[in-house]
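Protein chains in written order, with the numbering used here: chain A, -3 to 196; chain B, -3 to 196.
Think of the CB as a built atom: it goes at the ideal place given N, C-alpha and C, for glycine as much as any other residue.
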C-alpha cells in the first residue's frame, strides 16, 4: 500500500495525465501549456516538475495512453473476425481505424505529432501493443500468401499500414490531394484488393 | 513601374517571404516567430502587419512558394519520361518525391502542417500546379487502363498519391509502424505493381 505522501503524488500524476488528454482532445496538442494543466489539476505550476521531468515527458505519457485506447478499440473490433476472409478482416480493421480517427481526430493527430519513441523509455507493453496492431494486418497477409518469408511479410505489413494511414490522414485533413471522407472506403478497398490480388 | 514607396514595400515583402522560408528550412514551421522574421528582414515588428494581415498569411504565402518549388522539381524529373512504361513513370515520380522530402524535410513537413487552403484565396496557378502534380499519376494510370472513367481515375489518382505519401511520411518520421529509408523503394514498388496489375 502507498503511504499518504505517495498516494497524493500518484493522485496528482493521474490528474495531470487526464488533464493533458482532455486538453489535447479539446484544443489539440499544439496549444498545450503547462500553466493550464496545473490549473486543471489544481496544483502549482512547479508541482508538475516534481512529477514529470518536463512537459514533453507528460505529453509522452499522454500519447502512450492514447495509443493504448486506440489499440484496445481495434483489438475489440478484430476479436471475432477469424471466420472472415483475409480481405474482409483488413477491411474491418481499416474501417475501425478510420472511425477512431474521425471520432478522435485531435487525439489521433497527436499520436503522429513529434517523436513518440524519441529518447524516452518506451514501455514493454507499448511495444507489445504495436505488435498486436501490426498483427491484425500481418495475420491476413500471411493467410493470403502463406509462403512469404517473415522478413517480406514484415515489410508488406508496414507498407500497407502506411498506405492506409496516408489515405485516412489526407482525408481527415481535407487536403485537395486526398480523398473525401465519403470516398475513404472505396479508396482503401481498391488498395486492399490490389495488394491481395498481387500476393496471390 | 513601381513608385519608390511601392518598390520599398515590394522589397520588404520579398525579404519577409525569403526569411520565413529560410527559418522553416532551418528550424521547422512550429518555431516560427514574427519577432525573428522582422529581425531577419531588418524591419520593425509592426511593419510585418502593414504587408501581411497576420503571421498566418505570411506562412500561407511561404507554403505556396514551397509547393511551387516542389512541383517545379517534379515536373523537371518527369519532363522526359514519356517513353517509359506507365509503371516506370510512377516509379520515377515516387523516387523524386521521396528525394525532395529527404532533402527538404522541414519544408516538406510544413506543406502538410495546418490548412493550406483554409480561408485564404488560393492563387489560380497553385490550383494548376496541383493539377500538374496529380497529372503525373493520372497520366500513367490512364495508360494502364484507358477505359476507366474520369471520375474513377480521379479517385485512383488521389488514392495512390495518398498511399505513397503515407509510406514516405512514416518513413521520414522514423515511425516504428513505417518502413526504413532503405525500404521505401521496395515498399512503394510493391504498391505500384499491385495497383498496376489490379487495373489491367
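query	result
Please state the DSSP three-state secondary structure of residue 219 of chain A.	For residue 219 of chain A there is no data in the structure shown, the boundaries of chain A being -3 and 196.
Which same chain residues, not among the five before or five after residue 41 of chain B, have their C-beta less than 7 Å away from its C-beta?	30, 31, 34
Is it the case that the CB of residue 94 of chain A approaches a heavy atom of the ligand SAM more closely than 7 Å?	With respect to small molecules bound, the structure shown includes none, and the ligand SAM cannot be examined in it.
Buried or exposed for residue 119 of chain B, please, with buried defined as at least 16 other CB atoms from any protein chain shown within 10 angstroms of its CB.	exposed
If residue 181 of chain A and residue 91 of chain A are in contact, beta carbons under 8 Å, what's the gap, nearest whole angstrom?	7 Å
Below 7 Å on C-beta distance, what does residue 152 of chain A contact in chain B?	186
To be precise: take each residue of the stretch 166 to 192 of chain B, compare its Cβ to all Cβ atoms of chain A, and keep it if any distance is under 7 Å. Which residues remain?	166, 172, 173, 174, 175, 179, 182, 183, 186, 187, 189, 190, 191
If you drop the 5 nearest sequence neighbours on each side, which residues of the same chain put their C-beta closer than 8 Å to that of residue 80 of chain A?	88
Are three or more beta carbon pairs between the stretch 145 to 161 of chain A and the stretch 169 to 180 of chain B nearer than 8 Å?	yes
Measuring alpha carbon to alpha carbon, tell me which residue in B:155, B:26, B:183 is nearest residue 107 of chain B.	B:26
Does residue 30 of chain A come within less than 8 Å of chain B when only Cβ atoms are used?	no
For residue 134 of chain A, return the contacting residues in chain B, with the cut-off set at a CB-CB distance below 7 Å.	Here the premise fails: no neighbours, minimum Cβ distance about 12 Å.
Less than 6 Å between C-beta atoms, sequence neighbours within five positions excluded: which residues of the same chain meet that for residue 183 of chain B?	163, 175
Quick one, which of A:126, A:74, A:47 has its alpha-carbon nearest residue 85 of chain A's?	A:74
How big is the Cα-Cα spacing for residue 195 of chain A and residue 104 of chain B?	33 Å
Do residue 63 of chain A and residue 125 of chain A have their CB atoms nearer than 8 Å?	yes
In or out: residue 136 of chain B buried (at least 16 other Cβ within 10 Å) or exposed?	buried
Taking a contact to mean a Cβ-Cβ separation below 8 Å, would you say residue 67 of chain A touches residue 5 of chain A in this structure?	no
Give me the chain A residues within the contact set of residue 159 of chain B, using Cβ-Cβ distance strictly less than 7 Å, ordered along the chain.	159, 162, 163, 187
Would you list, in chain order, the members of the stretch 122 to 147 of chain B that have their beta-carbon closer than 9 Å to a beta-carbon of chain A?	123, 126, 129, 130
Rounded to whole angstroms, what's the CA-CA distance from residue 43 of chain A to residue 3 of chain A? Just pull it up for me.	15 Å
Is residue 78 of chain A buried or exposed, if buried means 16 or more other CB atoms sit within 10 Å of its CB?	exposed
What does residue 194 of chain B reach in chain A if we use C-beta pairs closer than 8 Å?	186, 189, 190, 193, 194
Go through its chain and collect everything with a Cβ distance to residue 138 of chain A's Cβ below 8 Å, but skip five positions before and after it.	144, 149
Between the Cα of residue 20 of chain B and the Cα atoms of B:102, B:179, B:188, B:141, which residue gives the shortest distance?	B:102
Hey, quick one: how far does the alpha helix (DSSP H) through residue 22 of chain A stretch, first residue to last?	0 to 23
In angstroms, rounded to a whole number, what distance separates the CA positions of residue 212 of chain A and residue 152 of chain A?	Examination of residue 212 of chain A is not possible in this model, given that chain A is present from -3 through 196 alone.
Using the Cα positions of residue 192 of chain A and residue 109 of chain A, report the straight-line distance between them to the nearest angstrom.	31 Å
Under 8 Å, do residue 157 of chain A and residue 133 of chain A count as touching if we go by C-beta distance?	yes
What residues in the stretch 91 to 107 of chain A bring their beta carbon closer than 8 Å to a beta carbon of chain B?	none
So, with DSSP's three-state summary, where would you put residue 136 of chain B?	helix
What are the residues of the stretch 66 to 94 of chain B that lie near chain A, defined by any Cβ-Cβ distance shorter than 7 Å?	none
For residue 155 of chain B, go through chain A and note every residue whose CB falls closer than 7 Å to its CB, in chain order.	163, 175, 183, 186, 187
Mind reading off the beta-carbon distance from residue 202 of chain A to residue 55 of chain A? Whole number of angstroms is fine, and I expect it under 8 Å.	As displayed, chain A neither begins before -3 nor continues past 196, which places residue 202 of chain A out of reach and without an answer.
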